[in-house]
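The sequence shown begins at 0 in numbering that gives the first Met the number 0 and counts up one residue at a time.
For every residue, glycine included, the Cβ atom is placed at its ideal position computed from N, Cα and C.
All values reported here derive from a predicted model rather than from experimental measurement.
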Amino acid sequence: MSLKIVDSQSHATGHKRNPGFPLDLDWVERVRMNRSALERRAGTIGARRSVKKDHQLAWLLKAVSLMDLTTLNSDDTPGRVERLCAKARNPIRADLVEAMGVKKLGVTPAAVCVYHNFVATAVKALEGTDIPVAAVSTAFPHGLTPLKIRLAEIEASVEDGAKEIDIVIERGMVLSGDWQGLYDQVRAMRAACGEAHIKTILGTGELATLTNVAKASLVCMLAGADFIKTSTGKEKTNATLPTSLAMVRMIRWFHEQTGIEIGYKPAGGISKAKDALTYMALMREELGRNWLEPHLFRFGASSLLTDIERQIEHGITGHYAADYRFAMA
């Protein structure tokens with residue numbers, strides 16, 4: 000079986016990083032989101048979009064390349080992180096790669112995401128690859144330590160080799176409408192990141208309304224965020240399609256006004272391959288093909304890779320394998 004992946008070349012060449020812009024409170028106040036309209040639109044995405052056979056396998060391989068392979072557990076150990084990095088080097092079982100005829104593509108996840116304490120471990124384990132290490136930072140998942148401590152944590156992660164920093168905002172600033180305070184904090188965090196890219200986690204399940212989600216998205220983009228991200232994965236409500244629509248439409252509006260492309264990362268609760276395909280369809284329909292590349296779209300994922308491997312094996316053999324056949328960390 001030889002699988003041809005059409006239009007899979009990265010579009011990162013020439014991508015201009017978000018420099019940040021002055022806070023425009025008039026723009027922020029103009030933002031409104033219609034929840035019922037977003038929910039109706041969200042309900043059509045998975046129902047209308049269907050890919051089968053070789054096309055589905057190609058989309059699943061693409062999904063692997065968009066994944067931040069993640070372990071963020073209280074019982075993480077250096078050994079677990081090393082095993083996760085070994086999986087990142089070879090995310091799809093060798094026999095499946097051989098059957099699809101895609102070995103030359105060298106498909107790997109977009110990044111490995113860990114706590115600060117394990118950044119150096121992950122960097123060492125990924126030596127010789129192009130897979131960057133992302134660190135969750137700024138008192139993840141709540142973001143409520145003094146700012147100087149959060150900035151020091153960012154700087155320490157960058158010093159240890161992290162190329163991406165996933166920061167969390169103070170949700171209370173959104174709920175109280177303190178847009179200047181939120182802007183100033185994200186701007187300071189962006190500065191602390193230096194050359195490392197910054198993903199701002201909004202904690203959308205705790206922001207009360209989709210209008211709040213949209214306004215927070217805009218403020219973070221104005222402050223210089225490279226990505227906006229839904230959740231820590233620790234909230235009661237994590238990524239949802241209506242929330243994603245609110246955020247990607249702000250990305251589209253921001254791009255229309257500034258010419259800058261901002262990345263999007265849904266995280267938390269995306270554990271099934273069919274859900275990943277739905278989110279990919281949303282991105283292509285709302286923002287275009289260019290947003291189906293790692294520099295503009297990521298999944299925050301841990302168990303998602305296991306289901307993708309199961310679906311790939313089913314596509315090749317017609318049979319589903321048990322989860323335990325697909326080793327993780």
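Neighbourhood of Leu150 by C-beta distance below 7 Å, restricted to the same chain and skipping five residues each side: Reading the sequence shown from its first residue, position 151 is the one you call residue 150. Sequence-distant Cβ neighbours of Leu150 in its own chain, meaning closer than 7 Å and more than five residues away, are Ala187, Met188 and Ala191.
Within 8 Å, strictly: CB atoms of Asn289 and Gly268: For the purposes of this step, residue 289 is identified with residue 290 of the sequence shown, where counting begins at 1. For the purposes of this step, residue 268 is identified with residue 269 of the sequence shown, where counting begins at 1. With respect to Gly268, Asn289 sits apart: the two C-beta atoms are not nearer than 8 Å.
Nearest-angstrom Cα separation, counted from Trp26 out to Asp159: The residue given as residue 159 occupies position 160 in the sequence shown. The residue given as residue 26 occupies position 27 in the sequence shown. Just so you know, the alpha carbons of Asp159 and Trp26 end up roughly 38 Å apart.
Cutoff 7 Å; reference Trp252; Cβ partners in own chain excluding five residues on either side: Position 253 of the sequence shown, counted from the first residue, corresponds to residue 252. Annotation for Trp252: no residue places its beta carbon closer than 7 Å to its own, counting only its chain and skipping 5 residues before and after.
Any idea which residues DSSP pairs Tyr278 with across the strands? Taking the sequence shown and counting its residues from 1, one reaches residue 278 at position 279. Note: Tyr278 sits in no beta bridge, so no partner.
Is DSSP giving Thr76 helix, strand or coil here? Counted from its first residue, the sequence shown places residue 76 at position 77. In this structure, Thr76 counts as coil in the three-state DSSP scheme.
Give me the DSSP bridge partner(s) of Glu163. For the purposes of this step, residue 163 is taken as residue 164 along the sequence shown, with counting starting at 1. Beta-bridge pairing links Glu163 to Ala133 and His196.
For His10, three-class secondary structure by DSSP: The residue given as residue 10 occupies position 11 in the sequence shown. Confidence at His10 is low in this model, with a pLDDT of 46, below 50, so the placement of that residue is unreliable and no value is reported for it.
Looking at the secondary structure, which residues open and close the alpha helix (DSSP H) in which Phe253 lies? Here residue 253 corresponds to residue number 254 of the sequence shown, with the count starting at 1. Phe253 -> alpha helix (DSSP H) spans Leu240 to Thr257.
Which two residues bound the contiguous alpha helix (DSSP H) that contains Ala151? For the purposes of this step, residue 151 is identified with residue 152 of the sequence shown, where counting begins at 1. For Ala151, the enclosing alpha helix (DSSP H) has its first and last residue at Leu146 to Glu158.
Let me know the secondary structure DSSP gives Met66 once reduced to three states. Taking the sequence shown and counting its residues from 1, the one referred to as residue 66 is at position 67. Met66: strand per DSSP, three-state reduction.
Could you pull the DSSP bridge partners for Lys264 from this structure? Counted from its first residue, the sequence shown places residue 264 at position 265. Beta-bridge pairing links Lys264 to Lys228.
Report the rounded CA-to-CA distance for Lys102 versus Ser64, giving the unit in angstroms. Here residue 102 refers to the residue found at position 103 of the sequence shown. Here residue 64 refers to the residue found at position 65 of the sequence shown. For Lys102 and Ser64, the distance between alpha carbons rounds to 14 Å.
According to the Cβ coordinates, are Ile307 and Leu95 closer than 8 Å? Within the sequence shown, residue 307 is the residue found at index 308, counting from 1. Within the sequence shown, residue 95 is the residue found at index 96, counting from 1. No, they are not a contact pair.
C-beta atoms of Met121 and Val111 nearer than 8 Å: Looking up residue 121 in the sequence shown gives position 122. Looking up residue 111 in the sequence shown gives position 112. The residue asked about is misnamed: residue 121 is Ala in this sequence, not Met. Cβ atoms of Ala121 and Val111: closer than 8 Å.
Buried or exposed by the 16-neighbour rule on C-beta atoms within 10 Å, applied to Ser35: By one-based count along the sequence shown, residue 35 stands at place 36. Classification for Ser35: exposed.
Could you please give the first and the last residue of the uninterrupted beta strand (DSSP E) stretch that includes Ala110? One-based indexing of the sequence shown puts residue 110 at position 111. Residues Ala110 to Tyr114.
Is the Cβ-Cβ distance between Val167 and Phe139 less than 8 Å? Locating residue 167 in the sequence shown gives position 168, counting from the first residue. Locating residue 139 in the sequence shown gives position 140, counting from the first residue. Between Val167 and Phe139, the C-beta gap is smaller than 8 Å, which places the two residues in contact.
Using the Cα positions of Gly92 and Leu304, report the straight-line distance between them to the nearest angstrom. As a first step, residue 92 is located in the sequence shown; it is residue number 93 there, counting from the start. As a first step, residue 304 is located in the sequence shown; it is residue number 305 there, counting from the start. According to the sequence shown, residue 92 is Arg rather than Gly. Their backbone Cα atoms lie some 11 Å apart in a straight line.
Sort Met246, Asp67 and Ile164 by Cα distance to Arg31 and report the nearest one. Taking the first residue of the sequence shown as position 1, residue 31 is located at position 32. Closest by alpha carbon: Met246.
Helix, strand or coil for Phe139? Go by DSSP, reduced to three states. Along the sequence shown, read from residue 1 onward, the residue named residue 139 stands at position 140. Coil.
Helix, strand or coil at Phe296 [DSSP, three-state]: The residue labelled residue 296 in the question sits at position 297 within the sequence shown. Phe296 falls in the strand class under three-state DSSP.
Ordered along the chain, which non-local residues of its own chain (more than five positions away) have a Cβ less than 6 Å from that of Ser7? As a working note, residue 7 is residue 8 in the sequence shown. For Ser7, the pLDDT reaches just 37, beneath the cut-off of 50, and the residue's location in the model is therefore unreliable, although a value from the coordinates is still provided. Correct list: empty, nothing qualifies.
Collapsed DSSP secondary structure at Tyr182 in the structure displayed: The residue you call residue 182 lines up with position 183 of the sequence shown. Note: Tyr182 maps to helix in three-state DSSP.
Residue range of the alpha helix (DSSP H) that Leu174 falls in? Locating residue 174 in the sequence shown gives position 175, where the first residue counts as 1. Per DSSP, Leu174 belongs to the alpha helix (DSSP H) from Arg170 to Leu174.
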